[in-house]
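S.K.:
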Amino acid sequence: MSKLKLKQFPVLMLLGHDFLIPKIDPRVYKEAKTLISIGFEVTIIYLINNQSKITKFDQIQLLSLKDRVYLPGFKDKKISSAMPRIIWGLISNLINIVRVANNLNFKIIHCHDVDTLIAGLLIKMLKFGRVKLIYDSHEIATEMASFKPFRPFILLTEKFASFWVDGFITINKFAEIFLLKQYPRFKKMPLILKNVPFNSYTLVQPKIHYPLRFIYQGSLKKGRNEIIETIVKELNQYNSKLWHLDILCNIEELERNPVLLNNPQVTIRQIIIDQTKFFKELSKFDLGIVATDRRCLNNYYSLPNKLFDYMISGVAVIAPNYPAIGQIINETKAGYLLDEFSSQQSIKNIIKEIIKKPKNILQKKKNGLFWIRKKYNWNLEEAKLIDFYKKLLV
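The letter at position 186 of the sequence shown is residue 197 when you use the working numbering, and the numbering goes up by one with no holes.
(1) For L349, which residues does DSSP report across the bridge?
(2) Under a three-way DSSP split, which group does G234 fall into?
(3) With a threshold of 8 Å (Cβ to nearest heavy atom), would R96 be considered close to the ligand ATP?
(4) Alpha carbon to alpha carbon, how far is V125 from A335?
(5) Per DSSP, what kind of secondary structure is I119 in: helix, strand or coil?
(6) Please state if the CB of I120 and the CB of I134 are separated by a distance shorter than 9 Å.
(7) Distance check for P222 and K198, CA to CA, integer angstroms please.
(8) Give the DSSP bridge partners of S75, in chain order.
(9) Our contact map puts Y311 next to Y333 with C-beta atoms below 8 Å; I'd like the distance itself, whole angstroms only.
(10) DSSP three-state label for I361, please.
(11) Could you tell me if G379 is buried or exposed, where buried requires 16 or more neighbouring beta carbons within 10 angstroms of its beta carbon?
(12) Could you tell me how far apart the beta carbons of W175 and L202 are, in whole angstroms, since I believe they sit closer than 8 Å?
(13) Could you tell me which uninterrupted beta strand (DSSP E) segments, each at least 3 residues in length, are contained entirely in the region 235 to 260, listed from first to last along the chain?
(14) Can we say the region 139 to 155 touches the region 165 to 184, given the rule of at least three CB pairs closer than 8 Å?
(15) Report all residues from its chain with a CB closer than 8 Å to the CB of R162; omit the five preceding and five following residues, and keep chain order.
(16) Note down, one range per segment and in chain order, each alpha helix (DSSP H) of at least 4 residues found wholly within the region 291 to 331.
(17) Per the contact definition of three or more C-beta pairs closer than 8 Å, is the region 312 to 330 in contact with the region 247 to 254?
(18) Please identify the residue among Q216, L25 and N210 whose C-alpha is closest to the C-alpha of W382.
(19) Who pairs with T278 in a beta bridge, going by DSSP?
(20) May I ask you to list the residues that DSSP assigns as paired with G178?
(21) What are the residues that DSSP puts in a beta bridge with K67?
(22) Mapping DSSP to helix, strand and coil, what is W225?
(23) Please name the residue in L246, S75 and K288 whose C-alpha comes closest to that of V215.
(24) Can you list, in chain order, the residues of its chain with a C-beta nearer than 6 Å to that of N309? Leave out the 5 residues immediately preceding and following it.
(25) Determine the extent of the beta strand (DSSP E) in which M24 is found, giving its start and end residues.
(26) Per the DSSP calculation, I203 is bridged to which residue(s)?
(27) Cβ of L408 within 9 Å of Cβ of I129?
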């Protein structure tokens, strides 16, 4: 189809969190930009905590709505005590999204994650099925630890949606196998779309630093926090001149932790928002830690963005041997694999290997860059999304 013809099929994306703050959602942004590049017009309705007057970003039309679930003080409450407030907020969000969407012109609804799926279903019904509905599942929602109280409701929602959805997108083959087994009707048009970076960032000349520079970027919540602590405790067994760890995180998330806070070899900084500056900063390090804990199946089958962030920055990876992560590391030889439980013994063995044989790190850094350029970049991945959309319109 020509660009002119594709303009006749405007796309409405629904997103259940802020698109721009604290940083641009990379997956949603890349998908929207790809569709715009071939002629689609894309509008994103997204939820925010604060008011926003931004109506356009990089050719993407934006409509922000007040999020009625995550109100001030909500994060300090337990799920059980806040349940009435959560339900009220979800219903309010649903009504607002449907009300706003009903006044827009679009032919395709693209729902990002389960929290917008009900809205997408209602909109399709109100349009008497005359619009195409895509469910883009970034997570296995029924297996997320934070969604455990809502699991029966999510199961029913996704089961019902499988009768109405025209296209289904997920993050890797392991997540796809799990979800298609749970909802066989999604098989009619599935797509695996990895959240890989643009190839244009791969301008790094990798080298080894002395002392060795470790980096962790991301959440320091329970589980991940413990993995980082164990790594620091093992590194403390070696001369402090051999290593240094930087942690990029949301500072307010950091609990009082003497292992991290009182260690002169650990520097804690606010996470970097700008993506270009972020990759440039990462390239100054030797080893990047993926600390995804195995507290739920969603984590176990995940393929974290930070894995590719490290690879594109010329940083060797330390990660747990989960199915999707392990497959990438085994294929690319871009890092070191802990066991599935990130046990103390496996961390001890990896740290010992790194400290005793630092020269091996350089080859792993080069391997990561090579495979980003060869296979794991958005410049190649986006072709699958383009083909998916064109088939949807046939």
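Just so you know, even glycine gets a beta-carbon here, dropped at the ideal spot from N, CA and C.
M.R.: With the structure as the only source:
(1) Answer by DSSP bridge pairing, in chain order: P331.
(2) G234 falls in the coil class under three-state DSSP.
(3) With respect to the ligand ATP, the structure shown offers nothing to examine, as it has no ligands at all.
(4) One Cα belongs to V125, the other to A335, and the distance between them is close to 21 Å.
(5) Assigned with DSSP and collapsed to three states, I119 falls in strand.
(6) It is a contact, given that the beta carbons lie within the stated cut-off.
(7) So the alpha carbons of these two residues sit roughly 50 Å apart.
(8) Answer by DSSP bridge pairing, in chain order: Y57.
(9) The pair is a contact, with the Cβ atoms about 5 Å apart (cut-off 8 Å).
(10) DSSP places I361 in the helix class (H, G or I) of the three-state scheme.
(11) Taking a 10 Å sphere around the C-beta of G379, we find 16 or more other C-beta atoms and assign the residue as buried.
(12) Between L202 and W175 the Cβ distance is about 17 Å, and since that is not below 8 Å, they are no contact.
(13) As far as the region 235 to 260 is concerned, its whole beta strand (DSSP E) runs of at least 3 residues are 254 to 260.
(14) Contact between the region 139 to 155 and the region 165 to 184 is present, with at least three C-beta pairs closer than 8 Å.
(15) Cβ neighbours of R162 beyond the five flanking positions: T153.
(16) The region 291 to 331 contains, as complete alpha helix (DSSP H) runs of 4+ residues, the segments 308 to 311 and 316 to 323 (chain order).
(17) The region 247 to 254, when compared against the region 312 to 330, does not touch it at the 8 Å Cβ threshold.
(18) If we check each option's Cα against that of W382, N210 comes out closest.
(19) Beta-bridge pairing by DSSP links T278 to D257.
(20) G178 is bridged to I145.
(21) Residue pairing by DSSP puts K67 in a beta bridge opposite Q72.
(22) The question names Trp, yet the displayed sequence has Phe at residue 225. DSSP places F225 in strand when its eight states are reduced to three.
(23) Ranking the options by Cα distance to V215, first place goes to K288.
(24) Excluding sequence neighbours, N309 sits near E150, I151, E154 and M155.
(25) Boundaries of the beta strand (DSSP E) around M24: V22 to L26.
(26) Paired residues: T181.
(27) Absent from the structure is residue 408, since the part of the chain shown begins at 12 and ends at 405.
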